[in-house]
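**Q** Residue numbers (this note's numbering), protein chains in the order written: chain A, 1 to 788; chain B, 789 to 1320; chain C, 1321 to 1421.
Cβ atoms here follow ideal geometry from the backbone N, Cα and C, with glycine treated the same way.
Computed from a predicted structure; not experimentally measured.
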Amino acid sequence: MTNHWLSLIVAAPLIGAVINWLVGRRVRSEAFIGFVACASIGVSTVIAFILAFTDNNGAGAALFSEPARPVMSHLWTWMEVGNFRADVGFAMDRLSGIYVCFVTFVGLLIHIFATGYMHGDKSYYRFFAYLNLFMFMMLTLVLGDNLLLMFVGWEGVGLCSYLLIGYYVDRKEAGDAAKKAFIANRVGDWGVILGIMFVFFITAAAGAPSISFFEKTDLTNLVGNQVPAMTNAFATIATMAVDPFTINALIAGGLTSAAILLFIGATGKSAQIPLFVWLPDAMAGPTPVSALIHAATMVTAGVYMIVRCSELYVRAPTAMAIIAVIGAATALLAATIGLAQNDIKKVLAYSTVSQLGYMMLACGVGAFSAAIFHVMTHAFFKALLFLGSGSVIHGMHHEQDMRRMGGLKKYMPITFATMLTGWLAISGIPIFAGFWSKDEILYKTFSTQSNSFGLILWFVGLCTAVITAIYMTRLMVMTFWGTERFAEAHAGGQGDEAHAQAFADKKTTAHDAQTATIDDRQHHSPDEHVGAATSHASHQVHAVHDEHDDEDAHEHHGLAHGQKPHESPLVMTLPLIILAVLSVFGGLLGAPYALSLGAIDNPFHHTLEPVIAHEPNFVGGAANGADDAHGSPATTETHSAPVSANEHEGVPHGEGATAAHTPEEIFTERVLAGVSILLAAFGIGLGWTYFQRRPLAQMPRLLENKYYVDEIYDATIIEPIKDGSRVGLWRILDVGVIDGIVNGVGTVAREAGNGARQLQPGFVRSYAAIILLGALLVIGYFAAALAR
Amino acid sequence: MLINPIFALQALPVDVNFASIAPELIVIIAGVLVMLVDAFAAPKQRWLTGGISLAGIVAAGVACVLMWNDAGTGGVVTSSFNGMIVVDQMRLSFTFVFLIVSALTILMSMLWVEREALPAGEFHSLLMFATAGMMLMASGGDLVIIFLGLEVLSIATYVMAGFRRNDLRSNESALKYFILGAFSSAFLLYGIALTYGATSTALEGGTTNIAVIADRIAAGTAIYPQLLFAGAALMIIGFGFKIATAPFHVWTPDVYEGAPTVVTAFMAAGPKAAGFAAFMRVFVFGFPLVATSALSIQVHAAWINALVVLAILTMTIGNTAALVQKNVKRMLAYSSIAHAGYALVGFIAAGVTLDITKQNDAIAGVVFYMLTYAVMNLGAFAIVMLIARGGDRRTELEDYTGIGFKAPALAFALSLFLLSLLGVPLTAGFIGKVVVFRSALDPAVMNDYRNVMTLLVVVGVINTAISAYYYLGLIVVMFFRERTTEWRAPRVPASVAVTLILTLAGVLYLGVFPGKVIDAFRRNAINVSRLR
Amino acid sequence: MTPQLSWYLALSAVMFTIGVAGVILKRNAISMFMCIELMLNSVNLTFVAFSSFFNNLNGQLFVFIVMAVAAAEAAVGLGIIIALFRNRESLDVDDANLLKL
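And the structure:
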């Protein structure tokens, strides 16, 4: 049904961005800029919740209307070439409804937080203009009603993320991190664009060319004209047979190829192996940006896309298996790296990568609703943790190194209390949000039938859960408990230097950052910091950081001698409190039947049920669909039984099927939950006992250096390409080939050889020779074609 | 009336129709007028000559639109001057692109000719003749006209490249362009000669008319089919030079770097598009696939395969070489090579699509691509020109260090153009790539070439990922590097401001509402572009 | 023995090749330009040969156009070469290598 208010959800942040960019830069009033930014997101939030939850004009709420119908707003037809049509139009169905609600709500909280955090920054307006622009792009991504418009948002959030990571323009590493993020994303994007093309041609081959997520009938545009009808691409795909489970399917150009191409894009945006390297570096941006973009919203876009295209994925079991394996591997790899980081934001960054791995794992085993559920709870608790860390960094005057924190709970009680809930949530302690979603993923992984190695994946997931509990405990212990190390001398850190510099530039009195004078800092050598017992260890640790510390030694920040950390103002703690409440109770939305003792039957899952794909045999409940899939020889050959992918998904939670909760399943689910609770408790206990005593313990060098992945990429990919370009193209083409060839015929005239030897780049004659060489090749090829 | 007997054998009723070459005539007359005004009016008349040129271009545009409507209503492709000139959608839409390029170049040149005290009249008249040459290349239905147009264009651009007479780099650029350009023209001409000979029949002799060439290949009446292969190969070399496909691209970086920036902008946008117009006309319509003729199948396969290899080489070499450039003009030169590669994908798609409607879609896609490329490229070069200052001295990457917040408007505009060149959604460049790659993956592509086309698109898309590195590199340099030396933002004169506004609006309009333009280019697809 | 068409074609191909070789081997800008002229004229020979053997005027028409174009090219080319000579006092094209990678 048409409802053009929907477009306002997307447009409001854009309007906010434009106002801040044009008016805000002149007004330069923080109150005005902050108000415009928050109000525009506020408008989006209110409309999003109204459309999602209320029965507007009898049209039905987007989340609850029966049968499930999306609210749509078609604006104009963007391009139409032949039978290829892409619209600019938005649609809110149950999936995008859930997404939009938490994106706008968490976004609003983070905007409010940022008005406090960025206080005193010299280009306040620019920050909020970018942040609003990001929200515009994110909402385009989520609400776009076709793949191409989704891709606009997809690229747009990447662009805004690039702008915001590089927000502190006077820092070189910010620029480099921004570029790295964008390029890693571009590498993934080629997969998305090709995937979109593939979807189009797959549907075109089936006679219904489309890249739309929704069927368009009976819609009107803004001026009230009828919109030409459009078929749903994924409904078309839903009628197709399942691709066989073989490696060959990857390159066969069918459903599996399309699925894997789209997934390549997801590895970029959602920071999976092999493209995860950009996310930790992205922490060079301001902390609210890390919370909003690099934890809660943008990085989950890959998960959103896969769930949105779930009809495609359930028909591509090979792709599903790859996704599951990559997700599990990423989760484990990132968690182990997170164990050894000392920068509070880096720990959270790797934690995010690890949690994204969980979501991918869920997608890979067909537990799409669990993946989205984890996206949502993760948005709550990870935004909380990031904002909490921002509050800590703010209170510590831009100190990010946990080795120079400690004992903060008495100075920052609210931050401490809220982060405590975040910590328990991510560690998987019952009642807290993270427990429900993580446990559902683990259970679904354990009981998956879409591949034969579910048990291994489950085990990897379980290990990750333990490690998660350990590194989060380490973070909490190093930050909030123990001795107050900030009073001691300190060496290099990766502080938000430019942020502090901004205050120094403005000579603001709101902060006492500038009281830590340059003289204060320069005499801190790596040797003299922190406790004597660990000085050797930390010396080694700092060897890495000190390299760039030397060049900008004056930029060290943190507390001057005798200063105390302080609690943050209300605009910063209020969002923390709200997010903390959500981190505690938000998970009950998706509490499963078995674990809630029958009190709640996973309403989250039931809401999503109609819009995500089911196992092909359950489509329409028709026997023929199932028979087609089962009967195809390709599928019966494989023992992994791809057609029965997520059968459990259909059975235990089938429509109106509380009865489907069999006692065995309930039992299994409870046992598994028990195991994971025990392991979480074990992880926390281990972390607590170990890091309480030795908060500065040296972690394994391999982990601290992130398995040297960056170095490996540099050495194996980036440098060779550059060298090839710099040396190869010219040297080979000019000196080698041309010289050789002309020398070969050199006997014709010695003069020729002499002349040709001097051929160099920049000489007209060498260019003529290259053209001639090319000409000879083309003519030779044609001669060969003639002879054939 | 006395008629030479040999002539009588071939004489057809002479089909003179000046209306069909109205845009070309208007542009040529405007060019001559500019020369006269320049000779007789008081010196320093750059606004006068510029104004006359712009008026000529607008008038030609109006003529073009009128013809467009005629061509639309009749639905029948017309030709005049005994097949020498064709009136079809492809010609008119290419003409439209050329006129836009020339108009923007004139606007940009106002500042430059003043800054360097160069003879404005000469420059504008040369530009008008170059424009006329491009238009002839698009409208020629016969190899004679195409060759003539190409030479008119080339000779004018040789002079324009060396227009800064006292600058050694400009001289060198002109010399290289001239020698290599003439060298490759000779190849093209030899190709034409051999094709002419190859299509000889016992009764009538050879032909240079593209439609007749196609007919003779299909009918199998050509006496020397072997020569046809040599002819096609040599023509690929000649046209390949013009559109700068690897390995015939070697002149591009040097010439683009040394030529005055305005001329570089023009060369990258205009002559390249004209090269595509002629190249596509000759190969897609002159050497089409006719299933009943073995010769046709052979030739078709040969040129398609050759172009596939060239396209892959062009995209890859253009992008990888751009990675290490330190000079912005040189970097944009390699970027223009890469873009020719992307457009070639659409060209090949037109060649391997037999369905006429789909083929016209593919051709319209290439025209659209050239339009988007022209707009964003001219915008980028306009800013490069402003930042380069007098004598085009400051074009190194380090000259852009840290200017982001000192000249925010310019830096943001340049960033937008670079993002469009990169192909970020909501910019023209993105739509251009989508349109071209779409036609390459269309189900209407012949079965034999499905995999090849997919390969081309994969290579193309991977290359756009690589290109992010250098486009973003420039943005990073502008915004994230500290500048140690003094730098003042350049003054933006009105004419360049207009250019920038038009190109910015164009990039966004074509990115957000491309529908109308694409539709206009592919309207009446059924009858368009068929010469017979 | 009457001249065959192939004789003319072979002659023009040889001339063309000599022209190409000259462009690549000569260092003097004027000589290079002369070699290009040689290439163009060899093509003219091809045109005329086909035209004459098949009694078709198109080829001769083309030759006229080529000659006109070559004349224009000569004027422009000499202008460019003179401009370069004035600034550099050398006709050696290998000296023109300011612009390179």
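I think residue 300(A) touches residue 360(A), with their Cβ atoms under 8 Å apart; what is that distance to the nearest whole Å?
**A** Between residue 360(A) and residue 300(A) the Cβ distance is about 10 Å, and since that is not below 8 Å, they are no contact.
**Q** Assuming contact is defined by CB atoms lying nearer than 8 Å, are residue 327(A) and residue 448(A) in contact in what I supplied?
**A** Contact flag unset, no.
**Q** If you count every other CB in all the chains shown that lies within 10 Å of the CB of residue 401(A), and 16 or more means buried, which is it?
**A** By the 10 Å Cβ count, residue 401(A) comes out buried.
**Q** Counting contacts by CB-CB distance shorter than 8 Å, is residue 946(B) in contact with chain C?
**A** At least one chain C Cβ lies under 8 Å of residue 946(B).
**Q** Would residue 206(A) count as contacting chain B if we go by Cβ distances under 8 Å?
**A** Output row for residue 206(A): interface = no.
**Q** Where does the unbroken alpha helix (DSSP H) through residue 797(A) begin, and where does it stop?
**A** Residue 797(A) cannot be examined here, being either before or after the span of chain A that is shown, 1 to 788.
**Q** Of the choices 302(A), 460(A), 676(A), 280(A), whose alpha-carbon is the least far from that of residue 351(A)?
**A** When each option's Cα is compared against that of residue 351(A), the closest is 280(A).
**Q** At 8 Å on the CB atoms, spell out the chain A contacts of residue 1219(B), in chain order.
**A** Ordered by position in chain A, the residues that pass the 8 Å Cβ test against residue 1219(B) are 79.
**Q** Touch check for the segment 1025–1043 of chain B and the segment 968–976 of chain B: three-plus C-beta pairs under 8 Å?
**A** Flag = yes, the segment 1025–1043 of chain B and the segment 968–976 of chain B touch.
**Q** Please list the terminal residues of the continuous alpha helix (DSSP H) segment that includes residue 887(B).
**A** Unbroken alpha helix (DSSP H) run through residue 887(B): 877–903.
**Q** Given a cut-off of 8 Å, decide if residue 822(B) and residue 949(B) are closer than it, judged by their beta-carbon atoms.
**A** Their beta carbons are not under 8 Å apart, which means residue 949(B) does not touch residue 822(B) by this criterion.
**Q** I'd like to check one pair, residue 970(B) with residue 1393(C): are the Cβ atoms closer than 8 Å?
**A** Taking 8 Å as the Cβ cut-off, residue 1393(C) and residue 970(B) qualify as a contacting pair.
**Q** If the cut is a Cβ gap below 7 Å, which residues of chain B does residue 155(A) touch?
**A** Result: 1212, 1213.
**Q** Distance, Cα to Cα, residue 604(A) vs residue 93(A)?
**A** For residue 604(A) and residue 93(A), the distance between alpha carbons rounds to 14 Å.
**Q** Once the 5 residues before and after residue 484(A) are set aside, which same chain residues still bring their CB inside 7 Å of it?
**A** Same-chain partners within the cutoff: 406, 407.
**Q** Assign residue 536(A) to buried or exposed, taking buried as 16 or more other Cβ atoms, counted over all protein chains shown, within 10 Å of its Cβ.
**A** Residue confidence for residue 536(A) is low, a pLDDT of 42 falling below 50, so the modelled location carries little weight and cannot support an answer.
**Q** Is residue 868(B) helix, strand or coil by DSSP?
**A** If DSSP states are grouped into helix, strand and coil, residue 868(B) belongs with the strands.
**Q** If you reduce the DSSP assignment to three classes, tell me which class residue 627(A) lands in.
**A** Any reading at residue 627(A) needs caution, since the residue's pLDDT is 37, under 50, leaving its predicted position unreliable; the model's value is listed next. In this structure, residue 627(A) counts as helix in the three-state DSSP scheme.
**Q** Going along chain C in order, which residues have a C-beta closer than 8 Å to the C-beta of residue 433(A)?
**A** Per Cβ cutoff of 8 Å: no residues; residue 433(A) is ~57 Å from chain C at best.
**Q** When you compare only the Cα positions, how much space is there between residue 386(A) and residue 103(A)?
**A** For residue 386(A) and residue 103(A), the distance between alpha carbons rounds to 16 Å.
**Q** At a CB-CB cut-off below 7 Å, which residues of chain A make contact with residue 1412(C)?
**A** Chain A residues near residue 1412(C): none, gap ~10 Å exceeds 7 Å.
**Q** Let's test the definition: count the other Cβ atoms within 10 Å of the Cβ of residue 806(B) and tell me whether it reaches 16, buried, or not, exposed.
**A** The residue in question, residue 806(B), is exposed, as its Cβ has fewer than 16 Cβ neighbours within 10 Å.
**Q** Can you give me the Cβ contacts of residue 462(A) inside the same chain, cut-off strictly under 7 Å, excluding the 5 residues immediately before and after it?
**A** If we look at residue 462(A) and ignore the five residues flanking it on each side, its Cβ neighbours are 442, 676, 679.
**Q** Between which two residues does the alpha helix (DSSP H) containing residue 701(A) stretch?
**A** From DSSP, the alpha helix (DSSP H) with residue 701(A) extends over 701–704.
**Q** Residues bridged to residue 85(A) by DSSP?
**A** Bridge partners of residue 85(A): 80(A).
**Q** In the structure shown, what three-state DSSP assignment does residue 1005(B) receive?
**A** Note: residue 1005(B) maps to helix in three-state DSSP.
**Q** Which residues of chain B have a Cβ atom closer than 9 Å to the Cβ of residue 1322(C), listed in chain order?
**A** Those do not exist, as residue 1322(C) stays about 18 Å from chain B at its closest Cβ, beyond 9 Å.
**Q** Would you kindly report the start and end of the unbroken alpha helix (DSSP H) that includes residue 1088(B)?
**A** Taken as a continuous stretch (DSSP letters only), the alpha helix (DSSP H) holding residue 1088(B) covers 1082–1111.
**Q** Quick check on residue 272(A): buried or exposed, where buried means 16 or more other Cβ atoms within 10 Å of its Cβ?
**A** So residue 272(A) ends up on the buried side.
**Q** For residue 954(B) and chain C, any beta-carbon pair shorter than 8 Å?
**A** Closer than 8 Å: yes.
**Q** Kindly list, in the order they appear in chain C, the residues whose Cβ is closer than 9 Å to that of residue 783(A).
**A** Ordered by position in chain C, no residue passes the 9 Å Cβ test against residue 783(A), which lies about 14 Å from the chain.
**Q** Output needed in chain order: residues of the segment 1252–1266 of chain B with a Cβ under 9 Å from some Cβ in chain A.
**A** Against chain A - using a Cβ distance shorter than 9 Å - the residues of the segment 1252–1266 of chain B are 1252, 1253, 1254, 1255, 1256, 1257, 1260, 1261, 1263, 1264, 1265.
**Q** Ignore the nearest five residues each way along the sequence and tell me which others in residue 1335(C)'s own chain have a CB closer than 8 Å to its CB.
**A** Around residue 1335(C): 1358, 1359, 1361, 1362, 1365.
**Q** What does the Cβ neighbour count give for residue 715(A), buried or exposed, with the cut at 16 atoms within 10 Å?
**A** Exposed: under 16 other Cβ atoms inside 10 Å.
**Q** Would you tell me roughly how many angstroms separate the C-alpha atoms of residue 4(A) and residue 220(A), rounded to the nearest one?
**A** Cα to Cα, the separation comes out at about 9 Å.
**Q** Taking the C-alpha atoms as reference points, what is the distance between residue 1234(B) and residue 1225(B)?
**A** The alpha-carbon atoms of residue 1234(B) and residue 1225(B) are separated by roughly 15 Å.
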